[in-house]
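Visitor:
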Amino acid sequence: NAGVTQTPKFQVLKTGQSMTLQCAQDMNHEYMSWYRQDPGMGLRLIHYSVGAGITDQGEVPNGYNVSRSTTEDFPLRLLSAAPSQTSVYFCASSYSGGSTNEKLFFGSGTQLSVL
Amino acid sequence: QQPVQSPQAVILREGEDAVINCSSSKALYSVHWYRQKHGEAPVFLMILLKGGEQKGHDKISASFNEKKQQSSLYLTASQLSYSGTYFCGTEEGDMRFGAGTRLTVKP
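Read top to bottom, the protein sequences are chains B and E. Note that this note's numbering has the first sequence beginning at 1143, numbered continuously upward. Note that this note's numbering has the second sequence beginning at 257, numbered continuously upward.
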């Protein structure tokens, strides 16, 4: 099993550009989520999904869109990148959301810089 | 709402002990603990599900006080490999993490 796979690992964008961060898992996990990590701020939840066709907002959803058309994939879209979105992005999944006893598996992260 | 962790950072010598605290303003049903090495993804350490539950993993253990809405992570006889940032997470349909505690273990 590959686990949680994120692509790309690094990305540089200009302000106003759009892009999609990819996340795929092969563990048949129902729950998938996106976090951003900034120095001193820890991991902040952007969006999450408890199953295909279901998404919800986290703590910092503004400027990001998600969709979940399959169990395996959970892409994160930046429609118009801003310098404030410079961060490290992590995708994470677990067997089921809403359950308190399922650990999260993290992808290796995407380092995004917006100039 | 994010849980609150303390301290923000701690520096230890090998063999010393440390305690990291995690508290929430909301009722806690479970607490997760993760460790992140520099430049890597967070890695799961343990989940505590019941009030008063204590768990251990090598010389790293944790307790969960449901009434006080807090959890503590205990690192005993620290090793160089314990260095990293420790996060607690609380779950209510989604997972929210504290800001992290940076632990540095020196020889």
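We treat Cβ as the ideally placed atom computed from N, Cα and C, and that holds for glycine.
#1: Using a C-beta cutoff of 8 Å, does Ile267 (chain E) count as contacting chain B?
#2: Applying the criterion that 16 or more other CB atoms from any shown protein chain within 10 Å of the CB defines a buried residue, is Leu336 (chain E) buried or exposed?
#3: Answer with yes or no whether the minimum CB distance from Gly1193 (chain B) to chain E is below 8 Å.
#4: Taking Gly1251 (chain B) as the reference, which of E:Lys282, E:Gln257, E:Val299 and E:His288 has the closest Cα?
#5: Quick one: does Asn1243 (chain B) have its CB under 8 Å from some CB of chain E?
#6: Leaving out the 5 sequence neighbours to the left and right, which residues in its chain are closer than 6 Å to Ala265 (chain E) when beta-carbon positions are compared?
#7: At least one CB of chain B closer than 8 Å to the CB of Pro197 (chain E): is that the case?
#8: Candidates E:Gly345, E:Gln325 and E:His313: which alpha carbon is nearest Leu331 (chain E)'s?
#9: Jot down the residue ranges of each uninterrupted beta strand (DSSP E) in the segment 274 to 306 of chain E, minimum 3 residues, whole runs only, in chain order.
#10: In its own chain, which residues sit with a C-beta less than 6 Å from the C-beta of Ala1144 (chain B), not counting the 5 before and 5 after it?
#11: Give me the Cα-Cα distance between Tyr342 (chain E) and Ser1211 (chain B), rounded to the nearest whole angstrom.
#12: Given that Phe1232 (chain B) touches chain E, what residues does it touch there, using C-beta distances under 9 Å?
#13: My guess is that Val1230 (chain B) and Gln1179 (chain B) are in contact by the Cβ rule of under 8 Å, so how many angstroms apart are they, rounded?
Guide: In terms of the structure at hand:
#1: So no, Ile267 (chain E) is outside the interface.
#2: By the neighbour-count rule (16 or more Cβ atoms within 10 Å), Leu336 (chain E) is not buried but exposed.
#3: For Gly1193 (chain B), the answer is no, since every Cβ of chain E falls outside 8 Å of its Cβ.
#4: Among E:Lys282, E:Gln257, E:Val299 and E:His288, the Cα nearest to that of Gly1251 (chain B) belongs to E:Val299.
#5: Asn1243 (chain B) counts as touching chain E.
#6: Within the same chain, Ala265 (chain E) has close Cβ partners Arg358.
#7: Because chain E spans 257 through 363 in this model, residue 197 (chain E) falls outside it and cannot be assessed.
#8: Residue E:His313 is the option with its Cα nearest to Leu331 (chain E).
#9: Counting whole runs of 3 or more residues, the segment 274 to 306 of chain E contains the beta strand (DSSP E) stretches 274 to 279, 287 to 292 and 299 to 304.
#10: Correct list, in chain order: Asp1168.
#11: In a straight line, the C-alpha of Tyr342 (chain E) is about 33 Å away from that of Ser1211 (chain B).
#12: Chain E residues near Phe1232 (chain B): Ala297 and Pro298.
#13: That belief holds up - the Cβ atoms of Val1230 (chain B) and Gln1179 (chain B) are roughly 5 Å apart, short of 8 Å.
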